[in-house]
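Per the numbering used here: the sequence shown = residues 188 to 380.
Note that beta-carbon positions come from the ideal geometry of N, C-alpha and C, so glycine has one too.
Computed from a predicted model, the values in this text were never measured in an experiment.
Here the structure is laid out as structure tokens; the discussion comes afterwards.
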Amino acid sequence: MDALSDTTHRERLCALADLTNLPRLGLRGRTAAERLAAEGFRPPDAPNRLTRADSGETLLRLSQGEYLLLGSPADRGARVRALEDALPKAGENALYFLPRQDSHAWFRLGGPRRFEVMAKLCGVDLSPAAFAADAVAQTSVARINAVVANDGRGGALHLLFDRPSAVFFREALLDAMREPSAPRNRETACLVG
């Protein structure tokens, strides 16, 4: 394998995308699930689970009555932005709007090595056997509180965390991606450009 094709092969093993500029919002309260369903979303049946809309949005259920809606890259978050504009801002009908655009950064970690990379940064077992598709964990990654969502259909992990930590978090992920996973096979290393 020549150097160029080897580099291309390794790049496919891991990919990091910064989706921080896409809209996302939180909803909390007794009527949050009802409102999301009325908007055409399918709220997850239990906390720490996710569902996806046909239009590309991802809905995370963080607790009994709290949800986090991630915009779709396909429409650049237009549907989430429209919902945000239509929501009450002060707790009408036991529904509370939680703006997440300014508080949470959002990264997407894809590729077959995503679980190996996370094992280097997180003390919780996020392997496919322990962290099934559509599972959500609220844990510490690189010593930063984070929400990790296993988007099984998309073959990626969504990582949401404190926005002021974005530069540090990105560097920690990139460092873990560059580090070879095991000495037995140099092709398991991710190349980051």
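* **Spatial distance of residue 264 from residue 208 (CA atoms)** => Locating residue 264 in the sequence shown gives position 77, counting from the first residue. Locating residue 208 in the sequence shown gives position 21, counting from the first residue. Rounded to the nearest angstrom, the two C-alpha atoms are 9 Å apart.
* Going straight from the alpha carbon of residue 310 to that of residue 226, what length do you get? -> Residue mapping note: residue 310 aligns to position 123 of the sequence shown, counting from 1. Residue mapping note: residue 226 aligns to position 39 of the sequence shown, counting from 1. Whole-angstrom Cα-Cα distance: 37 Å.
* Asked: Alpha carbon to alpha carbon, how far is residue 285 from residue 296?
  -> The residue given as residue 285 occupies position 98 in the sequence shown. The residue given as residue 296 occupies position 109 in the sequence shown. Looking at the two C-alpha atoms, the distance is approximately 25 Å.
* **First and last residue of the uninterrupted beta strand (DSSP E) at residue 253** => Numbered from its first residue, the sequence shown carries residue 253 at position 66. Taken as a continuous stretch (DSSP letters only), the beta strand (DSSP E) holding residue 253 covers 253-257.
* **Cα-Cα separation between residue 361 and residue 355, rounded to whole angstroms** => Along the sequence shown, one-based indexing puts residue 361 at 174. Along the sequence shown, one-based indexing puts residue 355 at 168. Approximately 10 Å, taken between the alpha carbons.
* **C-alpha gap between residue 364 and residue 321, whole angstroms** => By one-based count along the sequence shown, residue 364 stands at place 177. By one-based count along the sequence shown, residue 321 stands at place 134. One C-alpha to the other measures close to 23 Å.
* Please state whether DSSP places residue 260 in a helix, a strand or coil. => Here the question's residue 260 lines up with position 73 in the sequence shown. Correct three-state label for residue 260: helix.
* Inter-residue spacing [alpha-carbon to alpha-carbon] between residue 228 and residue 238 -> Counted from its first residue, the sequence shown places residue 228 at position 41. Counted from its first residue, the sequence shown places residue 238 at position 51. Taking the straight line joining both Cα atoms gives about 8 Å.
* Between which two residues does the beta strand (DSSP E) containing residue 308 stretch? -> The sequence position of residue 308 within the sequence shown is 121, counting from 1. Taken as a continuous stretch (DSSP letters only), residue 308 belongs to no beta strand (DSSP E), being part of the alpha helix (DSSP H) at 301-308.
* Length of the line joining the Cα atoms of residue 234 and residue 252 -> Here residue 234 corresponds to residue number 47 of the sequence shown, with the count starting at 1. Here residue 252 corresponds to residue number 65 of the sequence shown, with the count starting at 1. Cα-Cα distance, rounded: 8 Å.
* To do: Tell me whether residue 355 sits in a helix, a strand or coil according to DSSP, three-state version.
  => As a first step, residue 355 is located in the sequence shown; it is residue number 168 there, counting from the start. Reduced to three states, the DSSP call for residue 355 is helix.
* Asked: When you compare only the Cα positions, how much space is there between residue 357 and residue 272?
  -> Against the sequence shown, residue 357 aligns to sequence position 170. Against the sequence shown, residue 272 aligns to sequence position 85. Spanning the two alpha carbons is a distance of roughly 30 Å.
* Asked: Rounded to a whole number of angstroms, what is the C-alpha to C-alpha distance between residue 245 and residue 352?
  -> The sequence position of residue 245 within the sequence shown is 58, counting from 1. The sequence position of residue 352 within the sequence shown is 165, counting from 1. Between residue 245 and residue 352, the C-alpha separation is close to 23 Å.
* **Length of the line joining the Cα atoms of residue 324 and residue 348** => Within the sequence shown, numbered from 1, the residue matching residue 324 stands at position 137. Within the sequence shown, numbered from 1, the residue matching residue 348 stands at position 161. Taking the straight line joining both Cα atoms gives about 12 Å.
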